[in-house]
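Step one of this worksheet: look at the structure below.
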Amino acid sequence: MHAVSATARWTAAARAKESRRDDAIFTDDLAEELAGEEGAILFARYDNPGVGEFIAIRTRYLDDLISVRSDLTQVVLLAAGLDTRSVRLPWPPETVLYEIDQADLLDDKDKRLAELGARHGCVRRPVGADLTGAWSEALREAGWDPSAPTLWVVEGLLFYIPEPDARVLLRRVAEVSAPGSVLAGDLLSHQSMISEFSREGLRRLIEDGCPWLFGTDEPEEFLSGCGWRVTELKTPGEDGASYDRWPWNPPLPRDVMGFPRNFLFVAEKA
């Protein structure tokens with residue numbers, strides 16, 4: 009539980025840093041309070057070149073996708089962490105947002121949001137469940153309708169779980185999804201797992217009990233094998249995934265090996 013909470017807090021600290029910029033590409037007014045001192049310390053520990061920029065780009069990219077797909081009024085955040093989109097994004101009034109994560113983390117988050125006077129712009133339903141367990145049953149009990157198309161968001165999760173578990177999770181999401189459902193999120197490249205430029209960051213993550221466990225250089229093939237057809241794939245710095253925030257332009261071609269890389273994707277149920 010501590011590793012899950014710590015990851016959520018330092019990611020919130022990254023959002024807080026972006027929000028303090030005069031040219032911020034999004035604003036998360038709750039992020040600093042939710043991150044706390046622990047989150048700020050951890051983010052300073054992990055903030056290698058490109059880390060904060062990627063989190064900012066990923067956040068804005070998924071914000072935009074959620075806004076564009078406002079026709080999907082049933083939204084599920086897988087491993088929601090300390091995400092505050094329920095508060096900071098404009099939502100169609102009929103939207104129901106389900107946040108799945110560890111029950112202890114969600115309980116603490118709910119308490120802090122109440123203390124901070126957060127006002128949700130949609131119907132928000134936290135679902136305390138283990139994503140390696142019977143999470144879909146818990147989601148149904150919370151009111152989720154498997155017959156309606158769903159927008160699934162899997163953000164900052166897949167590289168923290170082994171590849172077999174990642175495949176099982178995404179296949180299960182596909183199995184329970186109605187036609188017209190969409191999956192959006194991010195993946196880490198395998199090169200990021202082995203690059204000399206990642207070595208120090210990986211060492212710190214291992215020391216802190218939250219190592220990267222999975223990356224793929226073939227994200228389309230991986231997602232297809234899990235029941236999802238990729239409709240958009242971006243790497244930071246490309247058009248639609250830059251927001252004038254990525255420090256290395258143009259981005260390296262995908263066939264250049266040996267350098268860390270992240271992917272942002274949108275996929276439809278195959």
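With our numbering applied, the sequence shown corresponds to residues 9 to 278, in that order.
The beta carbon of each residue, even a glycine, is placed where N, CA and C say it ideally should be.
These numbers come from a predicted model, not from an experiment.
So, does the stretch 46-60 touch the stretch 71-87, judging by three or more C-beta pairs under 8 angstroms?
no
According to DSSP, simplified to helix, strand and coil, what is Tyr106?
strand
Alpha carbon to alpha carbon, how far is Leu165 from Trp18?
14 angstroms
Collapsed DSSP secondary structure at Glu60 in the structure displayed
Looking at the sequence itself, residue 60 is Gly, so the reference to Glu does not match. Of the three classes helix, strand and coil, the one that applies to Gly60 here is helix, per DSSP.
If you draw a straight line from the C-alpha of Ala64 to the C-alpha of Ala22, how long is it?
7 angstroms
Looking at the strands, I want to know which residues DSSP matches up with Arg133.
Tyr106
Taking the CB atoms as reference points, tell me whether Leu178 and Trp236 lie closer together than 8 angstroms.
yes
C-alpha distance - Val95 paired with Glu226, whole-angstrom precision:
35 angstroms
Confirm, please, whether the CB-CB distance from Phe222 to Glu163 is below 8 angstroms.
Cβ atoms of Glu163 and Phe222: not closer than 8 angstroms.
Proximity winner among Lys277, Cys130, Ala52, relative to Thr239 (alpha-carbon distances):
Lys277
Do you know offhand how far Pro134's Cα is from His128's?
12 angstroms
Consult DSSP for Met9 and reduce its assignment to one of helix, strand or coil.
Its pLDDT being 41, under 50, Met9 is placed unreliably in this model, and the coordinates cannot settle the point.
Residue(s) in a DSSP beta bridge with Leu85:
Glu107, Val161
Mind checking Ala186: buried by the 16 CB within 10 Å criterion, or exposed?
With fewer than 16 Cβ atoms within 10 Å of its Cβ, Ala186 is classed as exposed.
For Met9, I'd like the list of residues in its chain whose CB is within less than 8 angstroms of its CB, leaving aside the five on either flank, ordered along the chain.
Any reading at Met9 must be qualified, since the residue scores a pLDDT of 41, below 50, and its modelled position is unreliable; the value itself is stated next. Closer than 8 angstroms at the Cβ level, and outside the excluded window around Met9, lie Gln110, Asp112, Leu113.
When you compare each of Asp153, Ser13, Phe167, Val181 to Ala43 by their alpha carbons, which one comes out closest?
Ser13
Identity of the residues DSSP links to Lys119 by a beta bridge
DSSP output for Lys119 lists no bridge partner at all.
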